[in-house]
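Here's the structure we're looking at; comments come further down.
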Amino acid sequence: MKLALFDLDGTLIDSQEGILASIEHALRTLGAPLPPRSQLRQWIGPPLRVSFPGVLGDDAAAVERAIALYRERYAELGWREHVVYAGIADAIQALAARPLPLAVVTSKPAADAARIIASLPFGACFARIYAPTPASASCEKAAMIAQALADGGVAGADAAMVGDRSFDMHGARANGVRALGAGWGYGSRGELLAAGATAIAEAPAQLGALLA
Numbered sequence: 001m002k003l004a005l006f007d008l009d010g011t012l013i014d015s016q017e018g019i020l021a022s023i024e025h026a027l028r029t030l031g032a033p034l035p036p037r038s039q040l041r042q043w044i045g046p047p048l049r050v051s052f053p054g055v056l057g058d059d060a061a062a063v064e065r066a067i068a069l070y071r072e073r074y075a076e077l078g079w080r081e082h083v084v085y086a087g088i089a090d091a092i093q094a095l096a097a098r099p100l101p102l103a104v105v106t107s108k109p110a111a112d113a114a115r116i117i118a119s120l121p122f123g124a125c126f127a128r129i130y131a132p133t134p135a136s137a138s139c140e141k142a143a144m145i146a147q148a149l150a151d152g153g154v155a156g157a158d159a160a161m162v163g164d165r166s167f168d169m170h171g172a173r174a175n176g177v178r179a180l181g182a183g184w185g186y187g188s189r190g191e192l193l194a195a196g197a198t199a200i201a202e203a204p205a206q207l208g209a210l211l212a
């Protein structure tokens, strides 16, 4: 193993409060229907441009306004509304000590991702953060994973992607990368397996063995 990539939301941190409250703020401001949180939790992981049309329909202007409203609240309050998963700090620090190069691959905007990672007690363990910027050609996980491999000069077979949603698994498989499910996150075991997870860690303590 020469490179381990980690998703952020639902893998390193439980960020649902900040994300869901910001989604609700956007929809409420627009006077749009407000789905229950049990449904909104499925929005954690995919890009917002994929999720908001589920409520706002094909109104592109409304979707962009919702994204702007979401980002305004998230930048002020939401980015701090998260909890680090129990055991993840020890797992990350142990991997970094091997040493194993680590990076974050997330659909969260780069500015937000960088601020969150910098605030984590183990944030310095990550050499790079791959996340969409306003100038990004793509926010797809597959494209960002491909960039991480290219930057590190690492073959897909020598890398792993750890994430909690199907998008993480699909992105890994598209690059020939080992797809490891984070069983403590927002995606179900069935979702991860259907998306091609090679294995599922039920707790962060299992990551060391799976990334051997």
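In terms of the numbering used here, the sequence shown opens at residue 1 and continues consecutively.
Beta carbons: idealized from backbone N, C-alpha and C, even for Gly.
Query raised in the report: Roughly how many angstroms separate the alpha carbons of Ala179 and Gly163, rounded to a whole number?
Result: C-alpha separation (whole angstroms): 8 Å.
Query - Residues bridged to Ile13 [DSSP beta-bridge criterion] - result: As DSSP reads the structure, Ile13 sits in a beta bridge with Asp9, Val84.
Query raised in the report: Should Ser38 be labelled buried (16 or more other beta-carbon atoms within 10 Å of its own) or exposed?
Result: Flag for Ser38 reads exposed.
Requested in this report: Would you mind reading off the limits of the alpha helix (DSSP H) that contains Ala143?
Outcome: For Ala143, the enclosing alpha helix (DSSP H) stretches over residues 141 to 152.
Query raised in the report: Which stretch, first to last residue, makes up the alpha helix (DSSP H) that contains Ile67?
Result: Segment 60 to 76, the alpha helix (DSSP H) holding Ile67.
Query raised in the report: Just curious, the alpha helix (DSSP H) that Ala179 is in, first and last residue?
Result: No alpha helix (DSSP H) holds Ala179; the beta strand (DSSP E) holding it covers 178 to 182.
Query raised in the report: Taking the DSSP output, what are the residues bridged to Leu3?
Result: BP columns for Leu3 point to Ala159.
Query raised in the report: So Val104 and Ile117 are in contact, right, with Cβ under 8 Å, and what is the actual spacing, rounded?
Result: Correct: roughly 6 Å between the Cβ atoms.
Query raised in the report: Exposed or buried, Pro132, counting other C-beta atoms within 10 Å across all chains shown (16 or more means buried)?
Result: Buried.
Query raised in the report: Per the contact definition of three or more C-beta pairs closer than 8 Å, is the segment 24 to 33 in contact with the segment 166 to 173?
Result: Taking a cut-off of 8 Å for Cβ pairs, the segment 166 to 173 and the segment 24 to 33 do not touch, as fewer than three such pairs fall below it.
Query raised in the report: Quick check: the segment 184 to 203 against the segment 138 to 149, are there 3 or more CB pairs under 8 Å?
Result: No, the segment 184 to 203 is not in contact with the segment 138 to 149.
Report task. Would you decide whether Ala194 is buried or exposed? Buried here means 16 or more other CB atoms lie within 10 Å of its CB. Result -> Ala194 should be labelled exposed.
Query raised in the report: From Arg128, Glu72, Arg65, Ser51, pick the residue whose C-alpha is nearest to that of Ala213; which is it?
Result: Missing from the structure shown is residue 213; the chain here goes from 1 to 212 and no further.
Requested in this report: Can you grab the Cα-Cα spacing for the pair Ile92 / Glu17, in whole Å?
Outcome: If you take the alpha carbons of Ile92 and Glu17, they lie about 23 Å apart.
Requested in this report: With a cut-off of 8 Å on the beta carbons, I'd call Leu149 and Cys125 a contact; round off their distance for me.
Outcome: Taking a contact as a CB-CB distance under 8 Å, the pair Leu149 and Cys125 does not count as one, their CB atoms being some 19 Å apart.
Query raised in the report: When we look at the beta-carbon of Val83 and count the other beta-carbons within 10 Å, is it buried (16 or more) or exposed?
Result: The residue is exposed, with fewer than 16 neighbouring Cβ atoms inside 10 Å.
**Report entry** Straight-line Cα distance separating Ala75 from Thr11
**Finding:** Approximately 21 Å between the Cα atoms of the pair.
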